[in-house]
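For the sequence shown, the residue numbers in the UniProt record's numbering are 81 to 684. A virtual CB, placed ideally from N, CA and C, is assigned to each residue, including glycine. A quick write-up on the structure given underneath.
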Amino acid sequence: AAAPAPSGAALTFKPIPPNEIDTVIVPNGYDHAVVIRWGDPVLPGAPAFDLEHQTGESQSRQFGYNNDFLCVVPIPGSDRRALLVSNHEYTNEELMFPGFTTQEALTVDQVRAAMAAHGMSVVEIERVGRTGQWQPVRGKRLPYNKRLTMLATPFRADGPAAGSPFLRTVADPRGTTIIGTLNNCAGGLTPWGTALSGEENFNQYFVGGDAVPEADKARLNRYGILTTARYPSGSRRWERAQERFDLAKHPNEANRFGWIVEVDPLDPGALPRKHTAMGRFKHEGANVIVAKSGHVAAYMGDDERFEYLYKFVSDKRYRPGDRKHNLTLLESGTLYVAQLTGDSPAAEIDGTGKLPSDGAFDGTGKWIKLVSGTTSFVPGMTAVEVLTFTRFAGDKVGATKMDRPEDVQPSLRSGKIYAALTNNTNRGVGTYAGVDEANPRVANKHGQVLEITEDGGDHTGESFTWSLPIVCGDPDDPGTYFGGYDKTKVSPISCPDNVAFDSSGNLWIATDGNALGSNDGLFATAIEGPERGHLKQFLTVPPGAETCGPFITADDRSVLVAVQHPGEITGATVDNPASTWPDGSYAKPAVVVTWRLDGGRIGS
Ligand code: FEO
Ligand code: CA
Ligand code: CA
Ligand code: CA
Numbered sequence: 081a082a083a084p085a086p087s088g089a090a091l092t093f094k095p096i097p098p099n100e101i102d103t104v105i106v107p108n109g110y111d112h113a114v115v116i117r118w119g120d121p122v123l124p125g126a127p128a129f130d131l132e133h134q135t136g137e138s139q140s141r142q143f144g145y146n147n148d149f150l151c152v153v154p155i156p157g158s159d160r161r162a163l164l165v166s167n168h169e170y171t172n173e174e175l176m177f178p179g180f181t182t183q184e185a186l187t188v189d190q191v192r193a194a195m196a197a198h199g200m201s202v203v204e205i206e207r208v209g210r211t212g213q214w215q216p217v218r219g220k221r222l223p224y225n226k227r228l229t230m231l232a233t234p235f236r237a238d239g240p241a242a243g244s245p246f247l248r249t250v251a252d253p254r255g256t257t258i259i260g261t262l263n264n265c266a267g268g269l270t271p272w273g274t275a276l277s278g279e280e281n282f283n284q285y286f287v288g289g290d291a292v293p294e295a296d297k298a299r300l301n302r303y304g305i306l307t308t309a310r311y312p313s314g315s316r317r318w319e320r321a322q323e324r325f326d327l328a329k330h331p332n333e334a335n336r337f338g339w340i341v342e343v344d345p346l347d348p349g350a351l352p353r354k355h356t357a358m359g360r361f362k363h364e365g366a367n368v369i370v371a372k373s374g375h376v377a378a379y380m381g382d383d384e385r386f387e388y389l390y391k392f393v394s395d396k397r398y399r400p401g402d403r404k405h406n407l408t409l410l411e412s413g414t415l416y417v418a419q420l421t422g423d424s425p426a427a428e429i430d431g432t433g434k435l436p437s438d439g440a441f442d443g444t445g446k447w448i449k450l451v452s453g454t455t456s457f458v459p460g461m462t463a464v465e466v467l468t469f470t471r472f473a474g475d476k477v478g479a480t481k482m483d484r485p486e487d488v489q490p491s492l493r494s495g496k497i498y499a500a501l502t503n504n505t506n507r508g509v510g511t512y513a514g515v516d517e518a519n520p521r522v523a524n525k526h527g528q529v530l531e532i533t534e535d536g537g538d539h540t541g542e543s544f545t546w547s548l549p550i551v552c553g554d555p556d557d558p559g560t561y562f563g564g565y566d567k568t569k570v571s572p573i574s575c576p577d578n579v580a581f582d583s584s585g586n587l588w589i590a591t592d593g594n595a596l597g598s599n600d601g602l603f604a605t606a607i608e609g610p611e612r613g614h615l616k617q618f619l620t621v622p623p624g625a626e627t628c629g630p631f632i633t634a635d636d637r638s639v640l641v642a643v644q645h646p647g648e649i650t651g652a653t654v655d656n657p658a659s660t661w662p663d664g665s666y667a668k669p670a671v672v673v674t675w676r677l678d679g680g681r682i683g684s
């Protein structure tokens, strides 16, 4: 008899080859469609999209730019309707505004449109017929639909650093009400049906860092805010629309970004929140799993070269069905940072990706406790300092400097945690930190996937083992690894960014910045058993785009991806586009759904 599928259903689809085609490509037997694109209406009464006349007001009612994280939250009591939650990470002004020259030359109206194009959207969607396709619900009454924008949406800060002097400003002397969310990258769907979203590269929005007191500059610098010039190059010049982005006048405004945000799409009246207990860094995202004890653990990455992996464990326990209680779980808890140790001799990690003599990049790790409630475990730092300037805490305790930790997500089937370490072209170069067993390649162009197994399966614990199931790149390159699988049978992959799971526990990986030269895309592999590492390409996106999301619905019938920044290629503009996807004119970021024509399971 055949052995049972070790991690559930097999991935039998025929992989698609690498390509540079200006559309979304899916396997034979599948179809795809745009669900919603930049400028489509979200709120009732939204004006039709008008490329030539974009304002803060119009964009505040329309779907924002550069969709990134996605999740689909079922509406209780309905099997045909759900809520699509999407992040809008950043804007490409050159691809948005005809005649664009420089940020300085934008009108204030255009700056306000760009600010409104950042944030998040909640959109009610419905199934199309009996397929896996989804489309927005249209109508005059859309009670769940929401735009959260940088222009005007208040967020409530909670947790131990809320209200601290670091968060107080002239506009918000209590330090608890923050307007907007910034550079929202990946995220997670919680077991209680809310969306978590990471505020990532918030540094690029501030000017005036040169004028802050000398003693405060190190804190800005550690988060990438330049303090050597009033207008760092590439500055978005948002202070022309709202003065708060001028640190010379409002030095604490930058401290109000870099948090994990929680949005409850099912409660249209609820204020979105920023959870200070989960620390402040360039948050890629956060994904939650309920531990055996009932506490919840959130796994998180700080996406920059040589930054750290983190874990948050709640003080309180998850109560099935008690939504009001569960909404408080991320307000208090303990924050840890990861330290990884290889089990092979350091001399065997030669920087090429060649496996050490034990046949694996693997080892053990510790979760180092940084702060629990108002108690700091970091010498010389208060709890509020640890939470607000978390990168310094990681530095002090000797956390492991990783190759850009992007999305970090536990498999709800196995409890193992998967982190996309996207790349690090500075690894081992010049005076930068050298290779270690978890980050084994010099000038790492293609990235790797890290698997963490908590000791005893305990998500509240402080020790784990780890390995690298996939060391990305062209499989013909000897410095790659695909779980030990026959490398002649796998798809090339570069720069893993977002991870997801289907209900069988297969690992899905989306890429950003394919350094092999073809379009980015979405891949899938079994992660247990003999098919571990049999990676196959499922989808590609147009040139210049990265593949975000991805999200597989609980019934395994739909996979949604966010096609972010299509046509983002040096020199391209909206007037001279490098991609005309999806409408044939100029490029627009959009959410795409893919489904099997016969209604079958995704991946089959
Ligand atoms: Fe916004 Fe880390 O990618
Ligand atoms: Ca990302
Ligand atoms: Ca080893
Ligand atoms: Ca990315």
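| Item | Value |
| --- | --- |
| Helix, strand or coil for Gly136 per DSSP? | helix |
| Any heavy atom of ligand 1 closer than 8 Å to the CB of Cys265? | yes |
| Is Gly117 helix, strand or coil by DSSP? | The amino acid occupying residue 117 in the given sequence is Arg; Gly does not appear at that position. Strand. |
| Exposed or buried, Ala82, counting other C-beta atoms within 10 Å across all chains shown (16 or more means buried)? | Residue placement at Ala82 is flagged as unreliable, the pLDDT there being 42, under the threshold of 50; a coordinate-derived value is accordingly withheld. |
| Let me check understanding here. Comparing Cα to Cα, which of Gln142, Leu91, Glu173 lies closest to Thr650? | Glu173 |
| When the Cα of Phe361 is compared with those of Ala309, Asp382, Gln617, Pro352, which residue comes out closest? | Asp382 |
| Among the residues of its own chain, which have a CB less than 7 Å from the CB of Thr307, if the five just before and after it don't count? | Gly289, Asp290, Val292, Lys297, Leu300, Asn301 |
| Under 9 Å, do Cys151 and Phe631 count as touching if we go by C-beta distance? | yes |
| Which residues mark the beginning and the end of the beta strand (DSSP E) in which Thr502 is found? | Here Thr502 belongs to no beta strand (DSSP E), and DSSP marks it neither H nor E. |
| In three-state DSSP terms, what is Glu611? | helix |
| What does the alpha-carbon distance come out to for the pair Ser166 and Lys329? | 32 Å |
| Quick check on the DSSP output: the beta strand (DSSP E) that includes Glu486 runs from which residue to which? | 485-490 |
| Going by the CB atoms, is the gap between Phe235 and Gly219 shorter than 9 Å? | no |
| For Pro331, does the count of other Cβ atoms within 10 angstroms reach 16, so buried, or fall short, so exposed? | buried |
| In the structure shown, what three-state DSSP assignment does Thr421 receive? | strand |
| Rounded to whole angstroms, what's the CA-CA distance from His198 to Pro610? Just pull it up for me. | 43 Å |
| Helix, strand or coil: which one does DSSP assign to Asn406? | helix |
| Going by DSSP, name the residue or residues bridged to Phe562. | Ile550 |
| Please report the distance separating the alpha-carbon of Ser373 from that of Leu351. | 29 Å |
| For the beta strand (DSSP E) that residue 690 lies in, which residues bound it at each end? | The question about residue 690 has no answer, for the chain in this structure spans 81 to 684. |
| Per DSSP, Ala604 is paired with what? | Trp588, Lys616 |
| What residues in its chain sit with their C-beta under 7 Å from that of His614, if we drop five residues either side in the sequence? | Tyr565, Lys569, Val570, Thr605, Ala606 |
| Can Glu169 be considered in contact with ligand 1, in the sense that its beta carbon sits closer than 8 Å to one or more heavy atoms? | yes |
| Between the alpha carbons of Asp148 and Ser277, how many angstroms are there, rounded? | 10 Å |
| Evaluate His133 with the Cβ neighbour count: other Cβ atoms within 10 Å of its Cβ, from every protein chain shown; 16 or more gives buried, anything less gives exposed. | exposed |
| Could you check how far apart the C-beta atoms of Val190 and Ser315 are, in whole angstroms? I think they sit under 8 Å. | Residue 190 is actually Gln in this sequence, not Val. The Cβ separation is near 15 Å, so there is no contact. |
| Closest to Val515 by CA distance: which of Val417, Ala595, Gly144, Ile429 is it? | Ile429 |
| So what's Gly185 in DSSP terms, helix, strand or just coil? | The identity of residue 185 in the sequence shown is Ala, whereas the question assumes Gly. If DSSP states are grouped into helix, strand and coil, Ala185 belongs with coil. |
| Flag this pair as touching only if the region 456-476 and the region 426-440 have three or more C-beta atom pairs under 8 Å; answer yes or no. | no |
| Per DSSP, what kind of secondary structure is Ala427 in: helix, strand or coil? | helix |
| If contacts are defined as beta-carbon pairs under 8 Å, then Leu123 and Arg227 qualify, I think. What distance do you get, rounded to the angstrom? | 6 Å |
| How many angstroms separate the CA atom of His645 from the CA atom of Gly624? | 7 Å |
| In whole angstroms, what is the alpha-carbon distance linking Ala126 and Ala670? | 18 Å |
| Based on Cα-Cα distance, which residue from Ala113, Ile96, Ala162 lies nearest to Val672? | Ala113 |
| Can you say whether Pro216 is buried or exposed, counting buried as having 16 or more other CB atoms within 10 angstroms of its CB? | buried |
| Flag this pair as touching only if the region 340-351 and the region 267-274 have three or more C-beta atom pairs under 8 Å; answer yes or no. | yes |
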